[in-house]
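Numbering-wise (our numbering), the sequence shown opens with residue 8 and increments by one.
Here a beta-carbon is modelled for each residue, glycine too, at the ideal position from N, C-alpha and C.
Beneath this line is the structure, given in structure tokens, with notes to follow.
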Amino acid sequence: MNYDKTKYRPGLGRSVPNPRRAHLYELGEHSMDFQNPMCRYGWNCDGGESYSILRGNVGVDGICKLCVRRAAKGLSGVESPVSYTEEYEEFLETL
Numbered sequence: 008m009n010y011d012k013t014k015y016r017p018g019l020g021r022s023v024p025n026p027r028r029a030h031l032y033e034l035g036e037h038s039m040d041f042q043n044p045m046c047r048y049g050w051n052c053d054g055g056e057s058y059s060i061l062r063g064n065v066g067v068d069g070i071c072k073l074c075v076r077r078a079a080k081g082l083s084g085v086e087s088p089v090s091y092t093e094e095y096e097e098f099l100e101t102l
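Right, dumping it as structure tokens:
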């Protein structure tokens with residue numbers, strides 16, 4: 008799937024142990040103004056209330072498919088989840 012690369016950019020989580028998969032982030036006013044991630048897994052710090060990413064980097068497993076699908080539809084980034092969930096913890100173990 009293709010997405011508008013002028014509107015979304017990848018970022019690789021810094022705080023995730025052994026990050027392998029990047030997430031897409033909606034861009035603000037310029038190319039390094041990363042806004043909300045395109046899926047809730049892009050929120051990778053502080054219990055899902057913030058993120059720390061290596062901007063423009065992609066992991067060895069590529070970009071999250073959920074992010075790509077949402078970006079291909081031209082959707083906006085997702086708001087911060089309230090807290091980590093068991094499902095999120097299981098996801099982190101796959102990285």
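Since I believe residue j is in contact with residue i (beta carbons under 8 Å), could you give me their beta-carbon distance rounded to a whole number of angstroms?
{"i": "E56", "j": "S87", "result": "5 Å"}
{"i": "Q42", "j": "L34", "result": "7 Å"}
Could you name the residues of the same chain whose beta carbon sits closer than 7 Å to that of residue i, not counting the 5 residues immediately before and after it, in chain order?
{"i": "D68", "result": "R27 and R28"}
{"i": "D40", "result": "L34"}
{"i": "M8", "result": "V75, R76 and A79"}
Can you tell me whether DSSP reads residue i as helix, strand or coil?
{"i": "C52", "result": "strand"}
{"i": "R47", "result": "helix"}
{"i": "R77", "result": "helix"}
{"i": "E97", "result": "helix"}
Does the beta-carbon of residue i have 16 or more other beta-carbons within 10 angstroms, so that it is buried, or is it exposed?
{"i": "R16", "result": "buried"}
{"i": "P44", "result": "buried"}
{"i": "G81", "result": "exposed"}
{"i": "R47", "result": "buried"}
{"i": "R62", "result": "exposed"}
Going by DSSP, name the residue or residues bridged to residue i.
{"i": "G84", "result": "Answer is none; G84 lacks a bridge partner."}
{"i": "S57", "result": "C52"}
{"i": "H30", "result": "G18"}
{"i": "G69", "result": "G66"}
If you drop the 5 nearest sequence neighbours on each side, which residues of the same chain put their C-beta closer than 6 Å to that of residue i?
{"i": "N51", "result": "G20, S22, V23 and Y58"}
{"i": "L73", "result": "C46"}
Does the beta carbon of residue i sit closer than 7 Å to a beta carbon anywhere in chain D?
{"i": "S87", "result": "Structure shown: chain D not included; a single protein chain is present."}
Only counting the same chain, and skipping five residues up and downstream in sequence, which positions put a Cβ closer than 8 Å to that of residue i?
{"i": "C71", "result": "R28, A29, H30, L31, M45, C46, Y48 and G49"}
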